[in-house]
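Asks:
Numbering (this note's numbering), first residue to last: 375 to 669.
See below:
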């Protein structure tokens, strides 16, 4: 029933069954089915339904608070007692590009301080990890900065800024990035992702019309497709994907360069496990070391 409770919480937070489904990776019909199962188990309806709309009713409002408490307690079942020789469980969500670089270096330092600490790293896209943090499924998230702001009960710690560049096949003629991006097939960073939204905003701001060819939410995939001559792409220069293949060349956007900001999202200190503060410190040191090497 935990899945149904999490889905119920998502519907309450995002307003509609469809919006909740998009955030948690379910179809609208699957969300409706889970809510129906939950209502049948509880013995009362959680929403007042009128046509295609559903509004949280009084029973639903009461149930929401209890559901959040239950999900938070469930998430803590794997934690060891606080006095277990500095042990316990730290649950981190992290986008793929940070797991082998920034996060790995931070965890190496953290484990030296707390060798008994158990760490669980959950992969995922930034949007999903942000929702998991909000729901109490994870303790902190290393993600791309949300383009729509930070929820009031969460805090953001900036770590690294990765410049966007245009990548093109080495054999493709032309040195002007604007000409290449308008004339060649465009390999698009998925518009549903935080990074892809940055690309879309840049194109609109500069009035650039592209010839969309392929769209995906994997930077390594965009790099590989470019190396195969399938087109050009706007991607951030991410440490985990460097050096780029010899068959790919980089064109700077010059004064129009924009950046992907990667950082740590966590709940405010009063609601966050103390160990997250140590993780934040180790991540900051790892980020500063990265910037020093680049300089």
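Cβ atoms here follow ideal geometry from the backbone N, Cα and C, with glycine treated the same way.
These numbers were taken from a predicted model, which means no experiment stands behind them.
Helix, strand or coil for residue 422 per DSSP?
Replies: Three-state DSSP puts residue 422 in a strand.
Asks: Figure out for me which residue from 476, 502, 389, 420 has the closest Cα to the Cα of residue 567.
Replies: Comparing Cα-Cα distances from residue 567 to each of 476, 502, 389, 420, the minimum goes to 502.
Asks: Taking Cβ positions only, does residue 655 come closer than 8 Å to chain D?
Replies: The chain inventory of the structure shown lacks chain D, comprising one protein chain alone.
Asks: Should residue 522 go down as buried or exposed, given a rule of 16 or more other Cβ atoms within 10 Å for buried?
Replies: exposed
Asks: Please name the residue in 492, 533, 532 whose C-alpha comes closest to that of residue 513.
Replies: That would be 492, whose Cα lies nearest to the Cα of residue 513.
Asks: Inspect the beta-carbon positions of residue 409 and residue 381 and report whether they are closer than 8 Å.
Replies: yes
Asks: I'd like the ranges of any beta strand (DSSP E) spanning at least 3 consecutive residues and lying wholly in the segment 455 to 530.
Replies: 463 to 468, 492 to 497, 514 to 518
Asks: Quick one, are the C-beta atoms of residue 546 and residue 558 less than 8 Å apart?
Replies: yes
Asks: Return the Cβ separation of residue 573 and residue 593 in integer angstroms, given the expectation that the two are a contact with Cβ distance under 8 Å.
Replies: In fact, because the Cβ distance is near 11 Å, the residues do not count as touching under 8 Å.
Asks: Apply the 10 Å Cβ neighbour rule to residue 620 and answer buried if 16 or more other Cβ atoms are within range, or exposed otherwise.
Replies: It is exposed - the Cβ of residue 620 has fewer than 16 other Cβ atoms within 10 Å.
Asks: If you draw a straight line from the alpha carbon of residue 474 to that of residue 448, how long is it in whole angstroms?
Replies: 29 Å
Asks: May I ask you to report which of helix, strand or coil DSSP gives residue 592?
Replies: Annotated three-state conformation of residue 592 is coil, per DSSP.
Asks: Alpha helix (DSSP H) containing residue 569: first to last residue?
Replies: That run of the alpha helix (DSSP H) goes 568 to 580.
Asks: Could you please give the first and the last residue of the uninterrupted beta strand (DSSP E) stretch that includes residue 429?
Replies: 427 to 430
Asks: Helix, strand or coil for residue 408, going by three-state DSSP, please let me know.
Replies: Three-state result, residue 408: helix.
Asks: Is it buried or exposed, residue 660, if we count other Cβ atoms within 10 angstroms and call 16 or more buried?
Replies: buried
Asks: For residue 443, which of 486, 511, 613 has the nearest alpha-carbon?
Replies: 511
Asks: Using a Cβ distance threshold of 8 Å, determine whether the segment 533 to 543 contacts the segment 613 to 627, with at least three qualifying pairs required.
Replies: yes
Asks: Below 8 Å on the Cβ atoms is my contact criterion, and I expect residue 561 with residue 596 to pass it. Report the Cβ-Cβ distance as a whole number of Å.
Replies: 5 Å
Asks: Kindly give me the distance between the Cβ atoms of residue 433 and residue 419, rounded to whole angstroms, as I take these residues to be in contact under 8 Å.
Replies: Indeed, because the Cβ distance is near 7 Å, the residues count as touching under 8 Å.
Asks: From this set, 490, 404, 500, which residue's C-alpha is nearest residue 564's C-alpha?
Replies: 500
Asks: Can you check whether the CB of residue 524 is closer than 8 Å to the CB of residue 635?
Replies: no
Asks: Under a Cβ-count criterion, where at least 16 other Cβ atoms within 10 Å of its own Cβ denotes burial, should residue 378 be classed as buried or exposed?
Replies: Sixteen is the threshold: when 16 or more other Cβ atoms of the shown chains lie within 10 Å of the Cβ of residue 378, as they do, the residue is buried.
Asks: Leaving out the 5 sequence neighbours to the left and right, which residues in its chain are closer than 7 Å to residue 571 when beta-carbon positions are compared?
Replies: Same-chain partners within the cutoff: 521, 565.
Asks: Can you name the start and end residues of the beta strand (DSSP E) that residue 637 belongs to?
Replies: 633 to 641
Asks: Just reading off the beta strand (DSSP E) that residue 392 is part of, what are its end residues?
Replies: Unbroken run through residue 392 is the alpha helix (DSSP H), 391 to 398; no beta strand (DSSP E).
Asks: Ignore the nearest five residues each way along the sequence and tell me which others in residue 406's own chain have a CB closer than 8 Å to its CB.
Replies: 391
Asks: I'd like to know whether the C-beta atoms of residue 506 and residue 496 end up nearer to each other than 8 Å.
Replies: yes
Asks: Name the DSSP beta bridge partners of residue 561, please?
Replies: Residue 561 is bridged to 588, 607.
Asks: Pull up the distance between the alpha-carbon of residue 655 and that of residue 603, whole angstroms please.
Replies: 42 Å
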